[in-house]
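Each residue of the sequence shown is one higher than the last, beginning at 8 in the numbering used here. Ideal placement from N, C-alpha and C gives every residue a C-beta, glycine not left out. Here the structure is a predicted model, which means the values were calculated and not measured. Below is one structure; the comments refer to it alone.
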Amino acid sequence: MKYTDTAHGRPFAKDPAVVFFQNAYFLYYSLTPFGDGRARDGLSMGIARSSDMEAWSKVGEIGPEQPCERNGLGAPGAVVLNGQIHLFYQTYGNGPKDAICHAISDDGMHFVRNPSNPIFSPHGDWNNGRAIDADVLPVGDRLFLYFATRDPSGTIQKLGVASAGLDSGFGRSEWTQACTDSILEPELDWEQQCIEAPATCRVGERFFMFYGGAYNCSPQQIGCAVSDDGLHWQRLDQHPFLSNGQPGTWNASESGHPFIFFDDDGRSFLFYQGSPDGGHSWFLSKLQLDWKGGRPHVPEHPGS
């Protein structure tokens, strides 16, 4: 699988999120601005649909509607709850004021915004108030919301977590920040100054988080961490779980911004983005994970 979107003038599809809904797979992703001065010239989101997760057809776009989205929106996280798709995404272009928004859909294509958007931004002296790269995971009677933020100087990207009741409407008043400091921040050389794009799942009694280490095309590579409660995390390894590709390959500049998807048959797939040219063009791909010894493993030839 290699998917991109050329509708806005260059190959560009980033930040994947995938669900299975009404007998089809839906892929949500960030879509580049047109770049030619059109009125809607901020980041937006694309929608693609597939019957097999290999061949994808674009079926729609999600552009700004609410005042908080006027500069753009993107980086979706998606989950199916009670027969609806819940999309959690970020505002774009507002620096430390970017925050997480929420919308729901009955058909996978048309979304109704939460009237309290934006629904979440973090507090505390460990961050600058920004929240991006939403990922959500049901845990008991709560929905955990993982997000990326930055330190007060706006230099270091790191992760936090909040939660809301699964029976809530996920409005702004429903969220409780579940950390008083970052749950994961860059420490290893290859992570440089950035950990972002959390992608979480639960396998057995343990939680796993895939994440993007280093800023885009630095190169960003994918790491993996593990937790017993979804709140306290430690790395599985000191090395990238999935590295960027060799020179000349589609992901030579980056393998980043992961999303973990479990199909109904139990197979798990890691979706991620790649760039061959320092971020001028972006593509999405996936690989099927092996789970041996209770931990994930990359196939021998990923993305080939």
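Is it the case that the Cβ atoms of S260 and S234 are separated by a distance below 8 Å?
Counting from 1 along the sequence shown, the entry for residue 260 is found at position 253. Counting from 1 along the sequence shown, the entry for residue 234 is found at position 227. Cβ distance not < 8 Å, so S260 and S234 don't count as in contact.
Check: Ends of the beta strand (DSSP E) at C108?
Finding: Walking along the sequence shown from the start, residue 108 turns up at place 101. It spans 107-112 - the beta strand (DSSP E) in which C108 sits, taken as one unbroken run.
*Helix, strand or coil for W314 per DSSP?*
The displayed coordinates of the chain run from 8 to 311. Any statement about residue 314 would go beyond what the structure contains.
Exercise for the section: Evaluate H287 with the Cβ neighbour count: other Cβ atoms within 10 Å of its Cβ, from every protein chain shown; 16 or more gives buried, anything less gives exposed. Expected result: As a position in the sequence shown, residue 287 is number 280, starting the count at 1. So H287 ends up on the exposed side.
Review point. For C231, does the three-state DSSP call read helix, strand or coil?
Key: Residue 231 sits at position 224 when you count from the first residue of the sequence shown. Looking at C231 - three-state DSSP - the assignment turns out to be strand.
Exercise. Pick helix, strand or coil for R157, following the three-state DSSP scheme.
Key: As a working note, residue 157 is residue 150 in the sequence shown. Strand.
Evaluate D174 with the Cβ neighbour count: other Cβ atoms within 10 Å of its Cβ, from every protein chain shown; 16 or more gives buried, anything less gives exposed.
As a working mapping, residue 174 is identified with position 167 in the sequence shown. D174 comes out exposed.
Just to check my reading of the structure: S170 and L150 have Cβ atoms closer than 8 Å, yes? What is that Cβ distance to the nearest angstrom? By one-based count along the sequence shown, residue 170 stands at place 163. By one-based count along the sequence shown, residue 150 stands at place 143. Between L150 and S170 the Cβ distance is about 6 Å, and since that is below 8 Å, they are a contact.
Taking C-alpha atoms, which residue in D271, S292, D272 lies nearest to Q280? Here residue 280 is taken as the residue at index 273 of the sequence shown, counted from 1. Checking every option, the nearest Cα to that of Q280 belongs to S292.
Exercise. Going by the beta-carbon positions, is the gap between Y218 and Q199 smaller than 8 Å?
Worked result: Walking along the sequence shown from the start, residue 218 turns up at place 211. Walking along the sequence shown from the start, residue 199 turns up at place 192. No, they are not a contact pair.
Would you say L80 lies against chain D (beta-carbon separation less than 8 Å)? As a matter of chain content, chain D is missing from the structure shown, which is built from one protein chain.
Worksheet item: Are the beta-carbon atoms belonging to Y96 and G79 less than 8 Å from one another?
Response: As a first step, residue 96 must be located in the sequence shown, where it is residue number 89. As a first step, residue 79 must be located in the sequence shown, where it is residue number 72. Taking 8 Å as the Cβ cut-off, Y96 and G79 do not qualify as a contacting pair.
- Measuring CA to CA, which of Q73, W240, P83 is closest to K21? Walking along the sequence shown from the start, residue 21 turns up at place 14. Here the closest residue by C-alpha is P83.
Quiz item: Under 8 Å, do E68 and L38 count as touching if we go by C-beta distance?
Solution: Mapped onto the sequence shown, residue 68 falls at position 61. Mapped onto the sequence shown, residue 38 falls at position 31. Yes, Cβ-Cβ distance for E68 and L38 is below 8 Å.
### Cα-Cα separation, G301 to D236
Here residue 301 refers to the residue found at position 294 of the sequence shown. Here residue 236 refers to the residue found at position 229 of the sequence shown. Roughly 16 Å between the two C-alpha positions.
Practice problem: Give every residue of the same chain whose Cβ lies closer than 6 Å to the Cβ of L88, excluding the five residues on either side of it in the sequence, and list them in chain order. | Solution: For the purposes of this step, residue 88 is taken as the residue at position 81 of the sequence shown. No residues qualify anywhere along the chain.
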